[in-house]
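Residue numbers (my numbering), protein chains in the order written: chain A, 1 to 234; chain B, 235 to 569; chain C, 570 to 861.
Backbone N, C-alpha and C fix where the C-beta goes; we use that ideal spot for every residue, glycine too.
Below you'll find the structure, written out as C-alpha cells, and then a few comments.
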Amino acid sequence: MLNLNDLDVFYGDAQALWGVSMEVREGEMVTLLGSNGAGKTTTLKTISGLLRPRKGEIRFGDVRLERTEPFSIVRYGIAQVPEGRRLFPNMTVTENLLVGAYNSRGWAGRQSTLQTVYKIFPVLQQRKSQLAGTLSGGEQQMVAIGRALMSQPAILMLDEPSLGLAPKIVEMIFQILKDIIEKGTTILLNEQNVQIALQVAHRGYVMESGRISLEGEASALIENEHVRKAYLGL
Amino acid sequence: MGTKTKWMSSFSHMSRLSSKHGFFIATAILAILPIFVQDPYLLNVLIISLIFAVLTASWNLICGYAGIFTFGHQAFFGIGAYVSALLAMKAGISPWLGLILGGIVAAFLGFLIGLPCLRLRAAPYVAITTLAFSEIVRITCMNLVDLTRGELGLWGIPNFPDISVPFLGVISFAGGVRIPYYYLILIIFTIAMLTFYFLLKSHIGLAFGAVRDSQDAAESLGIYITYYKLLAFVTSAFFAGMVGSFYAHYILILTPTSVFPVGLMIEILAITLIGGVGTFLGPMTGAFLLTVGLEYLRFLGEYRLMTYGILLVLVIIFMPQGLAKNIFRDKAISE
Amino acid sequence: MITGKLIIEQVFNGLVLGCMYAAVASGLTLIWGTMKMLNFAHGEFYMLGGYVLYFALTVFGIPPAVCLLLAVVIVFVLGALVEKIAIHPLLDKPGWELSPLVVTVGISIFLQNLALKIWGESFKNVPYFLDGTAEFFGIRMAYQRMIIFFVTALVMVGFWLFIKRSKFGMGLRATAQDRDAATLMGINVKKIYTITFGISSAMAALAAALLAPIFSINPWMGNAALLKGFITVVLGGLGSFEGAILGGMILGTAESISVVVLSSEWKDVVAFAIFILVLIIRPSGLFGTKEW
C-alpha cells in the first residue's frame with residue numbers, strides 16, 4: 001500500500017536519511033524502532049509532505065507522493081498523529097476533533113465519525129467542551145488519535161504515542177490501536193517503547209543513524225540478539 | 235591536507251574579513267576621499283551617508299545586538315537636533331557643547347522611554363510603544379510653536395564656530411563649506427563606532443547578547459537585565475542625539491517633519507536590514523549603499539520612490555540575510 | 570463652553586471613530602494572529618479603499634452601497650495578490666520576524682507614491698451618503714455617522730461569526746494556533762494566509778470608504794490609519810479581536826473628548842499617552858495574548 005524507495009532526506013545541508021526503503025501492506029501494523037535522532041520522525045514527516053526527499057520516491061498505491069503538497073496527502077488518506085500531540089490549545093475537544101476531518105473524505109460524515117470516536121474514547125465525550133490545552137497527557141493523546149481518525153484515513157501514522165504517558169494509559173492506547181487494525185485501518189508507528197511495539201505490531205524496521213538496519217516480522221525481531229541488547233536491555 | 239584544500243582554506247581565510255579590519259580600511263578610505271572628491275554635492279551625499287551610518291549603527295546597537303526592536307529611534311535624533319539648535323539660539327550655548335548636550339538630553343529621553351518598555355516582552359509591543367512615544371515627541375515639538383516655530387521652521391541655526399586645530403590653524407564652518415563638516419562627521423562616526431566596538435567586546439556586549447537570545451535564561455543567570463536594557467537605550471539614544479545635533483548645525487534649519495517623521499525610522503530600518511542586522515559593519519554599508527543609491531535614482535524623477543519601494547521588496551525577497559552578513563562573516567564581536 | 574451635552578455628543582462621535590479604529594485594527598490583529606507578522610502596507614489598502622469609493626461614487630455615480638461593496642471586493646483581491654507575490658516567497662526562509670515587515674514597508678512606499686503619481690496630491694472630497702442629522706433627547710447625530718456605526722458593527726459581527734463558525738474560520742484558527750499541526754490536518758496554510766490578507770485589507774478599505782465623506786481622500790491618508798491601527802492593536806492586546814474593538818473604542822473616545830476639552834492639536838498626544846499608561850499597567854494589553 002505504502003512504499004518508500006531509497007529516500008535521501010536533508011535538513012538544509014545535513015543528511016538525515018540515507019537510502020531508506022520500507023513498505024507497509026494493507027491491514028498491517030508496522031513499527032519503526034530506534035533511539036532518538038535515528039530518523040523515525042524525519043521519515044514520518046517526509047511521508048506527510050512536511051519534508052521533501054532529495055532522492056527516492058514514495059508510492060501510495062500507484063500514486064507518487066514525494067512532490068505532493070502536504071494538505072493533499074491528507075486527502076489521499078494518510079493521517080499523522082504528530083509527536084507531542086500538537087493539539088490546538090485554544091479549541092475545545094470537539095473542535096479539535098472536527099478539524100481532523102477538515103480536508104478529507106471524512107468531512108461529509110464528520111458528525112457520525114465524531115460519535116464513533118467518542119465511543120472509542122468515552123472519556124472525551126465527558127470533556128468535549130473543555131479546552132484541549134487543559135487536558136491531561138493521556139487525554140490529549142486520545143484527542144490526537146481521535147483527531148487523526150476523523151479523516152477516515154487509509155493509513156494512520158503515529159509518532160511516539162507512548163511518550164510521557166503512564167504505563168496503564170499506554171496499554172490502553174495500544175489496545176485501541178489493535179482494535180483499529182481489526183477494523184481495517186493500516187498503521188505505521190514510531191515507538192521508542194520497543195517492548196510494547198513489538199508485542200502489538202506485525203512487522204518492524206529498526207532505524208539507526210538515518211538508515212534501516214534491521215527488518216522483519218515482529219516475532220523475529222523480539223528474538224533478535226541486537227534488538228534485545230540495544231533496545232530491550234537484555 | 236591536499237594542495238587544493240590548503241589553497242582553498244587560505245583563500246577563505248582571506249575572504250573572512252573581520253569587522254575590525256573592514257572598519258579600519260573603510261575609515262581610511264573615507265579619510266582620504268576628500269582629496270579626490272571636491273564637488274560639494276557629492277560631499278553632501280557622503281556627509282548624509284555618514285549621518286545615517288551613525289544613526290543606524292546606534293539603532294543596530296539596541297536592536298541588532300541587544301535584541302530590543304524599537305521603532306521610535308528618530309525621536310532621539312530630532313531631540314538632539316532641536317535641543318542643540320535652541321540652546322545655541324536662545325541661550326547662546328556653543329554648538330560644540332550642543333553636540334554633547336544634544337546627546338545627553340536624547341540619552342535622558344532614551345532612559346524615559348526605556349522604563350515602560352522594560353516589562354514588555356513581545357517585540358511588537360516595544361516597537362509600537364516606542365513609536366507612540368516618538369509621535370508624542372514630534373507632535374509636542376510641532377505644537378510648542380512659540381519655542382520651536384513648529385512647521386514654520388526653525389531658521390538661522392548657527393553653524394559650528396571657528397575652531398583652532400594644531401598644525402591646521404583655524405577651521406571655519408561658515409559659508410557653506412563642506413570639507414570641515416565632512417571631517418567632523420567622520421570623527422563623530424569614528425568615535426561612535428569605536429565606542430560601540432569596545433562596548434560590544436566587553437562584558438556589556440555579552441550581556442546584550444544574553445538579553446537578545448533569551449530574556450528568561452539571562453534572568454536566571456543573574457544578569458541584571460534592567461540595567462543592561464536601560465544602558466542599551468541610553469547609549470543608542472546618546473549617539474543618535476549627538477548626530478542629530480550635528481545635523482542641526484549643518485543644515486541650519488529644522489522642522490518637525492524633517493527630523494521626526496516615521497519615514498526616518500523606516501529608512502533606518504531598511505538600511506540596517508539591507509546592510510545586515512546585528513553585524514558591526516552592516517549599518518554603515520547599508521547607509522552608504524542606500525543613500526548613494528537613492529541619489530542615483532534621482533534621474534527617475536517622479537518614479538524614484540516607487541522604484542525604491544520595489545527595490546526594497548526585491549532585495550528582501552532575494553537576500554533575506556542582508557548584504558553585510560554575506561560578506562563580513564562575523565557572529566560575535568569578540569572574534 | 571463645555572456642556573454635558575457636548576461631552577455626550579463627543580462620546581458618540583468617539584464611538585463612531587472607534588468603530589473605524591476597530592475595523593482597521595481587526596485586520597492587523599487578524600494578520601498577526603494567523604501569520605505572526607506585522608503588515609506595514611495596511612494603511613495603503615485603507616487608502617486604496619478610499620480612492621475606489623471616490624471614483625465609484627463621484628466619477629461613475631454608482632450608489633453608495635454598491636461603492637462600498639466594490640471597495641471591499643477590489644481591495645480584497647489586491648490584498649490577496651500582494652500576499653501571493655510578495656509575502657509567499659518569504660514563508661519558509663529565516664528571519665520571518667523582520668522580513669515581511671520590511672517587505673510591506675517597501676510595498677507601502679510603492680503604493681503611496683503610485684497613488685501620488687496617478688491621482689496627484691490634491692485632497693479629494695466625497696459627498697455624504699445621506700445628508701442630515703437625527704436628534705435623540707437633544708443629542709444630534711449625523712446620519713452619515715450612524716451609517717458608519719451600523720455598517721461597521723454589522724461587519725464586525727459578521728467577521729466574528731465567520732471566524733468562529735465557518736469551516737474556513739476553523740482552518741484559520743487552527744493555523745493561528747499551530748501551523749504545522751494544521752498542515753497535518755490537511756489545511757492549505759498558504760491559501761489561508763492569502764485569504765486572511767485579503768480579508769484584512771478589505772476591512773481596512775471598508776473603514777476608509779465609510780469615513781471618506783468625513784475625512785478627505787489623499788495618498789497619505791494611510792499613515793495615520795496605520796499608526797492608530799497599530800496602537801489600537803497593541804492597546805487591546807496583540808492577536809485579540811475583542812481587544813481591537815475595545816481598544817478602538819477607548820482610543821476613539823479619548824480623542825474625541827480631548828478635542829473639546831483640550832484642543833485638536835493635542836488629541837493624539839493624549840491618546841498616545843493613555844496608550845502608554847495602559848501598557849505600563851497591563852504590559853500585554855487589555856486582553857493579553859488571547860488567541861483566535
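In three-state DSSP terms, what is Ala408 of chain B?
coil
Rounded to the nearest angstrom, what separates Arg127 of chain A and Gly19 of chain A at their Cα positions?
44 Å
My output table needs one value for His247 of chain B: the three-state DSSP class, helix, strand or coil.
In this prediction, His247 of chain B scores a pLDDT of 39, lower than 50, which makes its location untrustworthy; the coordinate-derived value is nonetheless stated afterwards. Reduced to three states, the DSSP call for His247 of chain B is helix.
Applying a beta-carbon distance threshold of less than 7 Å, which residues of chain C neighbour Ala441 of chain B?
Within 7 Å Cβ-Cβ: nothing; Ala441 of chain B doesn't reach chain C, min ~22 Å.
Please check if any C-beta of chain C sits within less than 7 Å of the C-beta of Gly410 of chain B.
no
In the DSSP assignment, what residue or residues form a beta bridge with Asp8 of chain A?
A:Lys55
Hey, does Lys254 of chain B have any beta-carbon neighbour from chain C nearer than 7 Å?
Answer no: the Cβ-Cβ gap between Lys254 of chain B and chain C never drops below 7 Å.
What are the boundary residues of the beta strand (DSSP E) that Met150 of chain A is part of?
Element bounds for Met150 of chain A: n/a, residue is neither H nor E.
Could you tell me the boundaries of the beta strand (DSSP E) in which Val30 of chain A lies?
29–33
Check this for me: beta carbons of Met207 of chain A and Gly34 of chain A, under 7 Å apart or not?
yes
Applying the 10 Å Cβ sphere with the 16-neighbour rule, what's the burial state of Gly133 of chain A?
exposed
When you compare each of C:Thr572, C:Ile631, C:Val644 to Ala777 of chain C by their alpha carbons, which one comes out closest?
When each option's Cα is compared against that of Ala777 of chain C, the closest is C:Val644.
According to a CB-to-CB cut-off of less than 7 Å, which residues of the segment 99–124 of chain A neighbour chain C?
From the segment 99–124 of chain A, only Val99, Gly100, Tyr102, Asn103, Ser104 have a Cβ closer than 7 Å to chain C.
Does the beta carbon of Ala655 of chain C come closer than 7 Å to any beta carbon on chain B?
yes
Kindly indicate which three-state DSSP category Lys435 of chain B falls into: helix, strand or coil?
If DSSP states are grouped into helix, strand and coil, Lys435 of chain B belongs with the helices.
Less than 6 Å between the CB of Ile78 of chain A and some heavy atom of the ligand NAD, yes or no?
Looking for the ligand NAD in the displayed structure turns up nothing, as the structure carries no ligands at all.
Would you call the segment 94–111 of chain A in contact with the segment 147–157 of chain A, where contact means no fewer than 3 C-beta pairs closer than 8 Å?
Yes, since at least three Cβ pairs between the segment 94–111 of chain A and the segment 147–157 of chain A fall closer than 8 Å, the two stretches touch.
Would the beta-carbon of Ala482 of chain B fall within 7 Å of that of Ile391 of chain B?
yes
Less than 7 Å between the beta carbons of Gly618 of chain C and Ala774 of chain C, yes or no?
yes
Does the pairing of the segment 154–170 of chain A with the segment 112–122 of chain A give three or more beta-carbon distances under 8 Å?
no
When you check each C-beta in the segment 77–94 of chain A against every C-beta of chain C, which residues fall closer than 8 Å?
Ala79, Gln80, Pro82, Arg86, Leu87, Phe88, Pro89, Asn90, Met91
Tyr11 of chain A CB to nearest chain C CB: under 7 Å?
Taking Cβ atoms only, chain C never reaches closer than 7 Å to Tyr11 of chain A, which makes this a no.
Do you know whose CA, among A:Leu44, A:Gln15, A:Ser219, lies nearest Asn3 of chain A's CA?
A:Leu44
Examine chain C for any beta-carbon lying closer than 7 Å to the beta-carbon of Val468 of chain B, and answer yes or no.
no
So, helix, strand or coil for Gln15 of chain A, using DSSP?
strand
Taking Thr46 of chain A and Val9 of chain A to be in contact with their CB atoms under 8 Å, please state how far apart those CB atoms are, rounded to whole angstroms.
5 Å
Could you please tell me which residues of the segment 718–747 of chain C, in chain order, have their CB closer than 8 Å to any CB of chain A?
Going along the segment 718–747 of chain C in chain order, one finds Lys736, Met739, Gly740, Arg742, Ala743, Gln746, Asp747 with a Cβ nearer than 8 Å to chain A.
Measuring CB atoms only, is the segment 644–656 of chain C touching the segment 749–764 of chain C, in the sense that at least three cross pairs come out at less than 8 Å?
yes
Which whole runs of the alpha helix (DSSP H) in the segment 653–714 of chain C are 4 residues long or more, in chain order?
668–688
Identify each residue in the segment 746–772 of chain C for which the Cβ-Cβ distance to at least one residue of chain A is less than 8 Å, and report them in chain order.
Gln746, Asp747, Asp749, Ala750, Ala751, Thr752, Leu753, Met754, Gly755, Ile756, Asn757, Val758
Put Thr541 of chain B into one of helix, strand or coil per three-state DSSP.
In the three-state reduction of the DSSP assignment, Thr541 of chain B falls in the helix class.
Quick check: the Cα distance between Ser568 of chain B and Lys254 of chain B, rounded to an integer number of angstroms?
Unreliable positioning characterises Ser568 of chain B in this predicted model, as indicated by a pLDDT of 34, which lies under 50. A coordinate reading is not provided.
Measuring straight from C-alpha to C-alpha, what distance separates Ser799 of chain C and Gly233 of chain A?
The sequence shown places Phe at residue 799 of chain C, not Ser. If I take the Cα positions, the gap works out to 58 Å.
For Trp330 of chain B, which residues of its own chain have a beta-carbon under 8 Å away from its beta-carbon, when the five flanking residues on both sides are left out?
Phe394, Pro395, Ile397
In chain order, what residues of the same chain lie with their CB nearer than 7 Å to the CB of Leu831 of chain C, ignoring the 5 residues before and after it?
Val839
Determine the chain C residues that contact Phe318 of chain A at a beta-carbon separation under 7 Å, and present them in chain order.
As shown, chain A starts at 1 and ends at 234. That puts residue 318 of chain A outside it, with no answer to give.
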